[in-house]
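First up is the structure itself, then whatever we jot down about it.
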């Protein structure tokens, strides 16, 4: 029997994606989202920084932020960065700004990788697609710890468009903890950050509600799929890292289905954790 049918679920509850419908507003995640919304609504801070440990839920939080911004007021350009050059980032931002125009470039903007022409095209797009519509552009660079210092310096210069009295964009940098440390060594950027927030893992008392929340969003009619005794095992292994919690819970509900057990117990969770440690170290 398919485990979704067994548990009476509409969709998988513990996938590793960033579906914003599964967002759990823990104390840390709720504060992170509130600060980012404040940053964007203020429109005058220019730049903000969100860091967090691996698997803490940064990308999920950014997805929820994007979903909550009114489309008539904000244009969001979201980029999951890699080791990209500034010209590559500009090309992607410009491409997202052009969406829906039916144009491959703006007039005079056939820019290739020419940074000067890409900047001119970016400014033209701001003047045609953002300011006349009374919108504010929000640029989100996820995994920004992968950008080198030169690219980061160039990215910062995009916020100079805010200095002519018409504040048109907010830049959000997000990434792993080393991003914050890297930026501390770049005061020309760090001092421009209006909001700085480090996202922590779930607390122990949030773990049970987190698991129940994910099951409920997936359609579960029950809140007792996992025995309470499972939570101590889950927290000891994961430290409250949502990604690790999802990893164990996904295997647990699947295994319980195979065994035709209607409750996930602590012994089952212990076996799954032991198997993960055996093969992954």
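Residue numbers (this note's numbering): -7 to 273.
Think of the CB as a built atom: it goes at the ideal place given N, C-alpha and C, for glycine as much as any other residue.
{"Query": "Beta strand (DSSP E) containing residue 187: first to last residue?", "Result": "185 to 191"}
{"Query": "Just to confirm, are residue 172 and residue 43 a CB contact at a threshold of 8 angstroms?", "Result": "yes"}
{"Query": "When the Cα atoms are used, what is the spatial distance from residue 207 to residue 17?", "Result": "15 angstroms"}
{"Query": "Is the beta carbon of residue 162 closer than 8 angstroms to that of residue 31?", "Result": "yes"}
{"Query": "Taking three-plus beta-carbon pairs below 8 angstroms as touching, is the segment 134 to 148 in contact with the segment -4 to 15?", "Result": "no"}
{"Query": "Count the other CB atoms within 10 Å of the CB of residue 5; is the residue buried (16 or more) or exposed (fewer)?", "Result": "buried"}
{"Query": "Using a threshold of 8 angstroms, state whether the C-beta atoms of residue 46 and residue 69 are closer than that.", "Result": "no"}
{"Query": "By the three-class DSSP mapping on this structure, what secondary structure does residue 67 have?", "Result": "strand"}
{"Query": "Given residue 143, which residues of its chain have a CB within under 8 angstroms of its CB, disregarding the five upstream and five downstream residues?", "Result": "76, 77, 78, 81"}
{"Query": "Helix, strand or coil for residue 99? Go by DSSP, reduced to three states.", "Result": "Since pLDDT at residue 99 reaches only 43, below the 50 mark, its modelled position is unreliable, and no value is offered."}
{"Query": "With residue 191 and residue 232 assumed to form a contact (beta carbons below 8 angstroms), what rounded beta-carbon distance in angstroms separates them?", "Result": "Incorrect: roughly 11 angstroms between the Cβ atoms, too far for contact."}
{"Query": "Do the CB positions of residue 227 and residue 199 come within less than 8 angstroms of each other?", "Result": "yes"}
{"Query": "Where does residue 260 fall in DSSP's three states?", "Result": "helix"}
{"Query": "What residue range does the beta strand (DSSP E) around residue 134 cover?", "Result": "128 to 134"}
{"Query": "Spatial neighbours of residue 180 within its chain, please: CB distance less than 8 angstroms, with the 5 preceding and 5 following residues excluded, ordered by chain position.", "Result": "145, 148"}
{"Query": "Just verifying my parser: in three-state terms, what is the DSSP assignment at residue 73?", "Result": "coil"}
{"Query": "At the level of alpha carbons, what is the spacing between residue 89 and residue 140?", "Result": "24 angstroms"}
{"Query": "Residue 213 and residue 0 look like a contact to me (Cβ under 8 angstroms); what is the Cβ gap, rounded to whole Å?", "Result": "6 angstroms"}
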